[in-house]
Each structure stands twice: as structure tokens, then as C-alpha cells.
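Participant: Number 672 in my numbering belongs to position 221 of the sequence shown; there are no gaps in the numbering. Mind having a look at this structure? Questions to follow.
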Amino acid sequence: MIHFELESDRELLTGAMLFAQKQVKRLIEKHPDYYPMYTKDGKWKHEGPKWTHWCDGFLPGMMWVFRRFEADRERDPNWWREQAIRYTKPLEPRKLDRDVHDLGFIFLSTYYRWHQLTGEQAFKDVLIQAGRTLAMRYKDKGHYLRSFVADNSLFIDIMMNVGIIFYAARETGDRNLREVALRHALTTRRVLVRGDGSTSHEGIFDIGTGEFLHQSTQQGYRADSCWSRGLAWSLYGFSTCYEYSRDPHFLQTAEACADYYITHTPSDGVPPWDFNAPPDSRKQVDTSAGAIAAAGMLRLCRLLADPVKGHFYWSTAIRILRSLSEKHLGRKPEKWEGILKGGVYHIHKGLGVNESVMWGDYFFVEALEHALRKL
Ligand code: GLY
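Below is the structure:
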């Protein structure tokens, strides 16, 4: 029976992965060298605003994943490798981009994978520079990396990016960089992660004194609500932070976020866009939060000493991937160009609501590959 379930999961998830490859291939044939962010009525190319410029690593990131997936299946990975390089190279100048807090998203999905494949020092240098640039956002008063919106603002999302500072610190032996990453994570844990494992999107500080003033939100329902994608960023981000630091507090935080996610999400594992939005609004799911949570739980489960808990997160991640693959794929490619339907970017600004979003597709593909390597 267990064997049967593993086989049917493998078949379902492999089917989803092959579908994802087809959608990305169609996208790059239709719109070469274009880096989309979210769909409008299922179409990637439109003039809708970006709000901030943070997503360019996700499309090539998927190509790197496809390359490895094809190599694992003993098929020719070279076509995906060529595409991945073609879409990764133009990102290099972003290693100096001081306008966004997203350099981890951009470079860990691309140059990190490229470096893992080749061991080329030049790619490691790009990663190190990106880590150093991100660290320049550090506020000595308050001990956090400022978000792109203002000096006094800290976002939960930055936990997904701080890994590149840990990486740069480890590869260079730079203790100051490590200190910045650690302090940012400790501040985020203190001010944005609540006692029940839920998270706030944003923290506001007094920039004169560094005093933490209050929780806030940009993309969530309200300051005291739990925006599901922010929770998923936190779950994944604190797991990564534990991998680099081995500080058990960060592992506990990742587990608390995972447990909140599991206990507040319907049984199919796909959450509402905000756990505390009013009931009608909560009918809108965010599949991207589900994909990130699955990817995060697959990382978390391998960090735990307790195999029972590890298995619990593993099987939850598989349940989420199963639901996404069965119910949320954009199965009509002539009408829907993305992989996962039902993502949400910025509900208050009306951007990418109930659409495909590039990070949702990327973390879905990352989680599928991770799961398929083990199934
Ligand atoms: N800015 C990151 C997000 O929308 O989750």
C-alpha cells in the first residue's frame, strides 16, 4: 500500500514537472529574453506595474532545476543548460543593485546553481559581491537590513535573502558579514515572529534610536494578521539560517512557523492569501505560499534530529505538492501560460491576483525536484 502511494506520487509529481518544462519552453519561445513577474488573465507579457524589481532569478532558476532533473533522468540536459546560462548571465550587474532587498532571490536561484555545477571561481565572486551589496542595507540602529520601501522598514521576505550574506561570510571568512546576517535574523525573530508561530509582514523602527515601534504590513490583510506568503518565507528563511549558523533558536523558529502553517491551512495544504482575512476574502488562496511552504518543509525535514517530526514535514510537503499538481495547474496552455494558477502578488494594489506568479512557479519546481530525488 505504501509502495503504491509512493509510485502514484512519483507519477503525479513527474507529470507536473514535465508540464512545468513545457510551459517554460513555450514562454521563452513566445517571448525570448523576457523576464516576467505575474500573469494578467493567464498571460505573462503585459505592461502591469512591478512595484519592485525582484523576480528576475526565478525563470533561469527553473531552467537550472530542469537541467539537473534531466541529467538525473539520464537525458540530455544541454538544452536547458544553454537556456539557463543565457538567462542567468544578464543578471550579473544586479550584484551591485542597492535598490532592492532581494539579491538572495536573484542570485541563489541562478549563480549559486551555476557555481555548484562548474565550481567556477568567477561565479562565486558574483555571489560574494551580491552578499556584500545586500549587507550594505544594514541599519546599526535597530540591527536589521532595511526593506526596499524605507530606512525604517524591515520585511519578513528578507529572511529569504539573508542566506546570501551567510554564504559570502562563509566563503570569505568575513566575520562582520556573518554578524550582520545573524543580527538581522535575531531582530526579525524578535519583532516579526509571534509566540504562536505566525508572522507579521513588516516591522517599523525609529531610525534615530533604533527602537522597534510596531508591526505593519504592505501585502497582508493587516498589521496583526498573518499573510500566508510571509509565513512561508519565514519558515523557509529560518531553516536556511539554521543551516548556516547552527543556532538552534532559528530551527525552533522555522518549526514554529511550519506548525502554524499546518494547523491553520485547510487539509489540502493550500492556504488562503492571509490567514486572518475576512471569510469571503479568505476564499482566495495563494498557491505560491503553498509552493514555498512545501519547498521550505522539504529543507526543514532534513535538518531535524527527530525522524518522526522530519517525516511529518516531509509528508505534509508531499500533500501540498499533490494538491497543487492535481487542482492548481494551468492545464490549458493556449489560455494559461503559467504553471500554477491561483497565486497572489499584491492584493491591495490589484497586482497579480488569482494569477500565476514567477516565484510560485519557481518554488513549485524546486520542491518537485527535491521531492522526486527522494521518492
Ligand atoms: N516581495 C516579495 C513578495 O511579494 O512575496
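Note that CB positions come from ideal geometry on N, CA and C, so glycine has one too.
Hey, out of Glu462, Gln534, Arg461, Glu525, whose CA is closest to Leu510's CA?
Facilitator: Looking up residue 510 in the sequence shown gives position 59. Of the listed residues, the one whose Cα sits closest to Leu510 is Gln534.
Participant: Count the C-beta pairs between the stretch 594 to 611 and the stretch 568 to 576 that are closer than 8 Å, then say yes if the count reaches three, no if not.
Facilitator: No, they do not touch.
Participant: For Met452, is the classification buried or exposed, using 16 other Cβ atoms within 10 angstroms of its Cβ as the cut-off for buried?
Facilitator: If you number the sequence shown from 1, residue 452 lands on position 1. Any reading at Met452 needs caution, since the residue's pLDDT is 40, under 50, leaving its predicted position unreliable; the model's value is listed next. Burial call: exposed.
Participant: Using C-beta distances below 6 Å, list every residue in its chain close to Thr517, excluding the 5 sequence neighbours before and after it, in chain order.
Facilitator: Residue numbering aside, residue 517 sits at position 66 when the sequence shown is read from its first letter. For clarity, residue 517 is Phe in the given sequence; the question names Thr instead. Counting only Cβ-Cβ distances below 6 Å, and skipping sequence neighbours, we find Gln472, Trp531.
Participant: Any idea which residues DSSP pairs His665 with across the strands?
Facilitator: On the sequence shown, residue 665 is found 214 positions in, with the first residue counted as 1. DSSP lists Ile655 as partners of His665.
Participant: Looking only at its chain, what residues have a beta carbon closer than 7 Å to the beta carbon of Gly508, apart from the 5 residues adjacent to it on each side?
Facilitator: Counting from 1 along the sequence shown, the entry for residue 508 is found at position 57. Result list for Gly508: Leu542, Phe556, Ile557, Phe558, Ser560, Thr561, in chain order.
Participant: So, Trp678 versus Ile743, is the Cβ gap smaller than 8 Å?
Facilitator: The count along the sequence shown starts at 1 and reaches residue 678 at position 227. The count along the sequence shown starts at 1 and reaches residue 743 at position 292. Contact flag unset, no.
Participant: Between the Cα of Glu806 and the Cα atoms of Lys786, Ile769, Lys476, which residue gives the shortest distance?
Facilitator: Numbered from its first residue, the sequence shown carries residue 806 at position 355. Nearest C-alpha to Glu806: Lys786.
Participant: From Gly781 to Ser774, what does the alpha carbon distance come to, in whole angstroms?
Facilitator: The residue you call residue 781 lines up with position 330 of the sequence shown. The residue you call residue 774 lines up with position 323 of the sequence shown. Cα-Cα distance, rounded: 13 Å.
Participant: Does the count of Cβ pairs from the stretch 686 to 695 and the stretch 716 to 723 closer than 8 Å reach three?
Facilitator: The stretch 686 to 695 is not in contact with the stretch 716 to 723.
Participant: Using the Cβ count rule (16 or more neighbours within 10 Å means buried), how would you classify Val892?
Facilitator: This structure gives no information on residue 892, because the portion of the chain shown stretches from 452 to 826.
Participant: So, with DSSP's three-state summary, where would you put His779?
Facilitator: Start at 1 with the first residue of the sequence shown, and residue 779 comes out as number 328. Three-state DSSP puts His779 in coil, outside helix and strand.
Participant: Could you name the residues of the same chain whose beta carbon sits closer than 6 Å to that of His700, not counting the 5 residues immediately before and after it, in chain order?
Facilitator: By 1-based counting over the sequence shown, the position of residue 700 is 249. Result list for His700: empty, nothing under 6 Å.
Participant: Using only the heavy atoms of the ligand GLY, determine whether one of them is closer than 7 Å to the beta carbon of Arg680.
Facilitator: If you number the sequence shown from 1, residue 680 lands on position 229. Within the cutoff, so yes.
Participant: Counting only runs of 3+ residues fully inside the stretch 549 to 633, write out the beta strand (DSSP E) ranges in chain order.
Facilitator: Complete beta strand (DSSP E) runs here, min 3: 604 to 606.
Participant: Comparing the CB of Trp724 with every heavy atom of the ligand GLY, is any distance shorter than 7 Å?
Facilitator: Counting from one through the sequence shown, the residue named residue 724 turns up at place 273. Every heavy atom of the ligand GLY is 7 Å or more from the Cβ of Trp724, so no.
Participant: Kindly indicate which residue of Leu596, Gln572, Leu643, Asp591 has the alpha-carbon position closest to the one of Glu622.
Facilitator: Looking up residue 622 in the sequence shown gives position 171. With distances taken between Cα atoms, Glu622 lies closest to Gln572.
Participant: Tell me which same chain residues have a C-beta within less than 6 Å of the C-beta of Gly661, skipping the five on either side of it?
Facilitator: Counting from 1 along the sequence shown, the entry for residue 661 is found at position 210. Lys592, Gly593.
Participant: Can you tell me where the alpha helix (DSSP H) with Leu682 in it begins and where it stops?
Facilitator: Numbered from its first residue, the sequence shown carries residue 682 at position 231. Taken as a continuous stretch (DSSP letters only), the alpha helix (DSSP H) holding Leu682 covers 679 to 696.
Participant: By the three-class DSSP mapping on this structure, what secondary structure does Glu788 have?
Facilitator: Residue mapping note: residue 788 aligns to position 337 of the sequence shown, counting from 1. It is coil, neither helix nor strand.
Participant: Rounded to whole angstroms, what is the Cα-Cα separation between Gly811 and Ile713?
Facilitator: By 1-based counting over the sequence shown, the position of residue 811 is 360. By 1-based counting over the sequence shown, the position of residue 713 is 262. C-alpha separation (whole angstroms): 19 Å.
Participant: Relative to the C-alpha of His779, which candidate in Arg477, Gly493, Ile479 has its C-alpha closest?
Facilitator: As a working mapping, residue 779 is identified with position 328 in the sequence shown. Among Arg477, Gly493, Ile479, the Cα nearest to that of His779 is on Gly493.
Participant: Can you tell me whether Asp507 sits near the ligand GLY, meaning its C-beta is under 7 Å from at least one heavy atom of the ligand?
Facilitator: For the purposes of this step, residue 507 is identified with residue 56 of the sequence shown, where counting begins at 1. No - the ligand GLY has no heavy atom lying nearer than 7 Å to the Cβ of Asp507.
Participant: Helix, strand or coil: how does DSSP classify Val795 here?
Facilitator: For the purposes of this step, residue 795 is taken as residue 344 along the sequence shown, with counting starting at 1. Three-state result, Val795: strand.
Participant: In its own chain, which residues sit with a C-beta less than 8 Å from the C-beta of Leu554, not counting the 5 before and 5 after it?
Facilitator: Walking along the sequence shown from the start, residue 554 turns up at place 103. So the qualifying residues of the chain are Arg545, Lys546, Asp548, Ala581, Gly582, Thr584, Leu585, Asn612, Ile615.
Participant: Are there any heavy atoms of the ligand GLY lying less than 7 Å away from the beta-carbon of Phe608, as far as the coordinates show?
Facilitator: For the purposes of this step, residue 608 is taken as residue 157 along the sequence shown, with counting starting at 1. The amino acid at residue 608 is misidentified as Phe; the sequence shows Asp. Yes, the beta carbon of Asp608 sits closer than 7 Å to at least one heavy atom of the ligand GLY.
Participant: Which whole-angstrom value is the C-beta distance of Leu751 and Tyr764, which I expect to be below 8 Å?
Facilitator: Numbered from its first residue, the sequence shown carries residue 751 at position 300. Numbered from its first residue, the sequence shown carries residue 764 at position 313. So it is a contact: roughly 5 Å between Cβ atoms.
Participant: With burial defined as no fewer than 16 other Cβ atoms inside 10 Å of the residue's Cβ, what is the status of Thr711: buried or exposed?
Facilitator: Reading the sequence shown from its first residue, position 260 is the one you call residue 711. What sits at residue 711 in the sequence shown is Tyr, not Thr. Classification of Tyr711: buried, given that the 10 Å Cβ count is 16 or more.
Participant: At which residue ranges does the stretch 691 to 753 contain complete alpha helix (DSSP H) runs of 4 or more residues, listed in the order of the chain?
Facilitator: Runs found: 699 to 715, 730 to 733, 738 to 752.
Participant: Going by the DSSP bridge assignment, what does Leu802 pair with across the sheet?
Facilitator: Stepping through the sequence shown from its first residue, residue 802 is reached at position 351. DSSP lists His797 as partners of Leu802.
Participant: Expressed to the nearest angstrom, what Euclidean distance is found between the alpha-carbon atoms of Glu820 and Thr490?
Facilitator: Within the sequence shown, residue 820 is the residue found at index 369, counting from 1. Within the sequence shown, residue 490 is the residue found at index 39, counting from 1. Computed Cα separation, rounded: 24 Å.
Participant: Are Arg524 and Glu788 close, meaning C-beta to C-beta below 8 Å?
Facilitator: Your numbering for residue 524 matches position 73 in the sequence shown. Your numbering for residue 788 matches position 337 in the sequence shown. Their beta carbons are not under 8 Å apart, which means Arg524 does not touch Glu788 by this criterion.
Participant: Alpha carbon to alpha carbon, how far is Lys590 from Thr465? Give it in angstroms, no decimals.
Facilitator: What you label residue 465 is simply residue 14 of the sequence shown in a count that begins at 1. What you label residue 590 is simply residue 139 of the sequence shown in a count that begins at 1. Each residue's alpha carbon lies about 45 Å from the other.
Participant: Name the one or two DSSP bridge partners that Val642 has.
Facilitator: The sequence position of residue 642 within the sequence shown is 191, counting from 1. In DSSP, Val642 forms no bridge with anything.
Participant: Taking the straight line between their C-alpha atoms, what separation do you get for Phe663 and Leu633?
Facilitator: The residue given as residue 663 occupies position 212 in the sequence shown. The residue given as residue 633 occupies position 182 in the sequence shown. Each residue's alpha carbon lies about 18 Å from the other.
Participant: If you drop the 5 nearest sequence neighbours on each side, which residues of the same chain put their C-beta closer than 8 Å to that of Arg461?
Facilitator: Counting from 1 along the sequence shown, the entry for residue 461 is found at position 10. Answer for Arg461: Leu823, Leu826, listed in chain order.
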